[in-house]
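Residue numbers for the first sequence follow the working numbering, beginning at 57 and rising by one.
In this text, a Cβ means the ideal position worked out from N, Cα and C, and glycines have one as well.
Below: one structure, written as structure tokens.
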Amino acid sequence: MPELPEVETVKRGLEPALVGRRIAHVDLRRKDLRIPFPARFAERLAGKRITGMGRRAKYLLADLDDGETLIIHLGMSGRLTLSGKSGRNGEGRYYHEVRPLTRHDHVVLDLDDGERLVFNDPRRFGLMSLARTAELSAASFFRHLGIEPLGNELSADRLLDGLKGKKTSLKAALLDQTFVVGIGNIYACEALHRARISPKRLCHTMKLERAERLAQAIKEVLMEAIEAGGSSLKDYVHADGSLGYFQHRFAVYDRESQPCPRKTCKGTKIRRIVQSNRSTFYCPNCQR
DNA sequence: AGGATACCCTGACCGC
DNA sequence: TGCGGTCAGGGTATCC
């Protein structure tokens with residue numbers, strides 16, 4: 057379920073533990089995830105220091121001190137877990153505990169301070185790769201990506217420009233990562249509900265007023281989810297170091313037959329339809 | 001060419 | 001209790 061807000065939350069959760077640390081050892085426990093690991097992956101990571109972290113679309117980035125960047129995509133079920141524990145106990149004695157590895161723990165990064173980062177991904181829709189930091193935007197993963205939804209790039213005008221002439225539904229357009237990045241099935245539904253626009257509406261029928269509402273709604277929905285993730289970060293990095301996805305209240309997603317939260321809808325039931333093989337949830341009363 | 005569909009994969013869940 | 005079927009969705013290959 058990781059869309060932009062979840063990836064951003066993972067980035068913020070990991071940043072303090074990873075930046076400045078050196079990767080002491082890498083354990084690659086299989087040869088591929090969704091795609092094969094790049095050549096000499098473990099060797100290229102080992103010994104490098106993590107100098108900073110970033111995010112592009114739903115990709116998590118860790119810059120290394122040799123000019124390469126570790127690229128991580130969580131796919132659908134990927135998780136990054138901090139599982140090492142080391143330090144001085146009450147008696148000043150050094151201790152080191154590491155959680156035993158489990159099924160689907162595919163990549164293990166041991167850091168120089170005793171911390172351990174584990175990538176677990178049951179469905180293996182995720183990926184890990186490496187690219188030259190200076191050439192990231194030209195890397196295959198990023199070359200075709202559209203604009204980031206937060207910040208000034210996304211505006212009503214920019215939306216209108218991208219939507220004009222498109223014959224698809226708005227829902228499909230929002231999921232298209234070559235247009236706007238970071239929005240997945242959940243936040244597409246949520247943004248359209250907040251903007252009071254039908255997911256079935258055809259792109260080319262959009263005019264300025266709806267485009268303004270949609271641009272605003274996308275930003276709000278994503279930013280509120282990031283805030284919810286941020287505020288739950290201390291719960292979210294659990295005592296054992298594992299990172300869970302924060303629970304967030306959705307207005308329409310996965311709420312089929314439940315009342316639309318919008319007061320003026322007076323209990324109109326949320327409807328579920330299928331668009332391009334994916335569930336769409338919306339309120340037939342307020343979304344037009 | 002661009003839009004729709006199939007597929008990768010496993011776990012959760014449901015009905016029997 | 002077990003078992004088969006269905007669904008979940010990010011991204012991309014492939015088809016139309």
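DSSP puts Q331 in a beta bridge; with which residues? Mapped onto the first sequence, residue 331 falls at position 275. Note: Q331 sits in a beta bridge opposite R334.
Nonlocal neighbours in the same chain, by C-beta distance under 6 Å from K325, ignoring five residues either side: Position 269 of the first sequence, counted from the first residue, corresponds to residue 325. Result list for K325: S313, in chain order.
Kindly confirm or deny that the segment 231 to 251 and the segment 203 to 211 touch, where touching means at least three C-beta pairs closer than 8 Å. yes
Leaving out the 5 sequence neighbours to the left and right, which residues in its chain are closer than 8 Å to M109 when beta-carbon positions are compared? For this step, residue 109 is matched to residue 53 along the first sequence. These residues qualify, in order along the chain: K67, L70, E71, L74, V75, L116, L117, A118 and D119.
Say whether the segment 177 to 186 touches the segment 84 to 97, bearing in mind that this needs 3 or more beta-carbon pairs closer than 8 Å, one atom from each stretch. yes
Tell me whether F93 sits in a helix, a strand or coil according to DSSP, three-state version. Looking up residue 93 in the first sequence gives position 37. In the structure shown, F93 sits in coil (DSSP, three-state: anything other than H, G, I, E or B).
In chain order, which beta strand (DSSP E) runs of at least 3 residues are fully inside the segment 107 to 132? 115 to 120 and 124 to 129
Within 8 Å, strictly: CB atoms of K256 and S225: As a working note, residue 256 is residue 200 in the first sequence. As a working note, residue 225 is residue 169 in the first sequence. Contact flag set, yes.
Could you check where the beta strand (DSSP E) with D83 kicks off and where it finishes? In the first sequence, the residue the question calls residue 83 occupies position 27. It spans I79 to L84 - the beta strand (DSSP E) in which D83 sits, taken as one unbroken run.
Using the beta-carbon count (16 or more within 10 Å), is H200 buried or exposed? Position 144 of the first sequence, counting from 1, holds the residue named residue 200. Exposed, because fewer than 16 other Cβ atoms sit within 10 Å of the Cβ of H200.
Under three-state DSSP, which class holds N208? Numbered from its first residue, the first sequence carries residue 208 at position 152. N208 falls in the coil class under three-state DSSP.
Is the beta carbon of R86 sitting closer than 8 Å to the one on F181? What you label residue 86 is simply residue 30 of the first sequence in a count that begins at 1. What you label residue 181 is simply residue 125 of the first sequence in a count that begins at 1. In this structure, F181 does not lie closer than 8 Å to R86 by Cβ.
Where S254 falls, given that 16 or more other Cβ within 10 Å makes a residue buried: The residue given as residue 254 occupies position 198 in the first sequence. Label assigned to S254: buried.
Can you give me the C-alpha to C-alpha distance between K227 and C339, rounded to a whole angstrom? In the first sequence, counting from the first residue as 1, residue 227 sits at position 171. In the first sequence, counting from the first residue as 1, residue 339 sits at position 283. Between K227 and C339, the C-alpha separation is close to 14 Å.
Tell me K325's beta-bridge partners as DSSP assigns them. Taking the first sequence and counting its residues from 1, the one referred to as residue 325 is at position 269. Answer is P315, bridged to K325.
Would you grab the beta carbon distance between I242 and T65 for me? Rounded to a whole angstrom, and I think it's under 8 Å. As a first step, residue 242 is located in the first sequence; it is residue number 186 there, counting from the start. As a first step, residue 65 is located in the first sequence; it is residue number 9 there, counting from the start. I242 to T65, Cβ: 14 Å. No contact.
From the DSSP output, in three-state form, read off L66 for me. To locate residue 66, count along the first sequence from 1; it is residue 10. Position check: residue 66 holds Val in this sequence, whereas Leu was assumed. Looking at V66 - three-state DSSP - the assignment turns out to be helix.
Jot down the residue ranges of each uninterrupted alpha helix (DSSP H) in the segment 204 to 280, minimum 4 residues, whole runs only, in chain order. 212 to 219, 226 to 231 and 241 to 250
Should K104 go down as buried or exposed, given a rule of 16 or more other Cβ atoms within 10 Å for buried? Here residue 104 is taken as the residue at index 48 of the first sequence, counted from 1. Buried.
I need the straight-line Cα distance from V330 to C342, nearest angstrom please. Here residue 330 is taken as the residue at index 274 of the first sequence, counted from 1. Here residue 342 is taken as the residue at index 286 of the first sequence, counted from 1. Their Cα atoms are separated by approximately 19 Å.
Could you check which residue in R78, L219 and A195 has the C-alpha nearest to that of M262? As a first step, residue 262 must be located in the first sequence, where it is residue number 206. Checking every option, the nearest Cα to that of M262 belongs to L219.
Using only the alpha-carbon positions, how far apart do R111 and Q233 sit? In the first sequence, counting from the first residue as 1, residue 111 sits at position 55. In the first sequence, counting from the first residue as 1, residue 233 sits at position 177. Roughly 15 Å separates the two Cα atoms.
Are the CB atoms of R78 and D161 within a distance shorter than 8 Å? As a first step, residue 161 is located in the first sequence; it is residue number 105 there, counting from the start. As a first step, residue 78 is located in the first sequence; it is residue number 22 there, counting from the start. No.
What is the DSSP secondary structure of L157, reduced to helix, strand or coil? For this step, residue 157 is matched to residue 101 along the first sequence. Coil.
Any heavy atom of the ligand ADP inside 7 Å of the beta-carbon of M109? With respect to small molecules bound, the structure shown includes none, and the ligand ADP cannot be examined in it.
Pull up the CB-CB distance for L192 and T125, whole angstroms please, since I reckon it's below 8 Å. On the first sequence, residue 192 is found 136 positions in, with the first residue counted as 1. On the first sequence, residue 125 is found 69 positions in, with the first residue counted as 1. L192 to T125, Cβ: 6 Å. Contact.
Run the CB neighbour count on T137, radius 10 Å, all protein chains shown included, and call it buried at 16 or more, exposed below. On the first sequence, residue 137 is found 81 positions in, with the first residue counted as 1. Flag for T137 reads buried.
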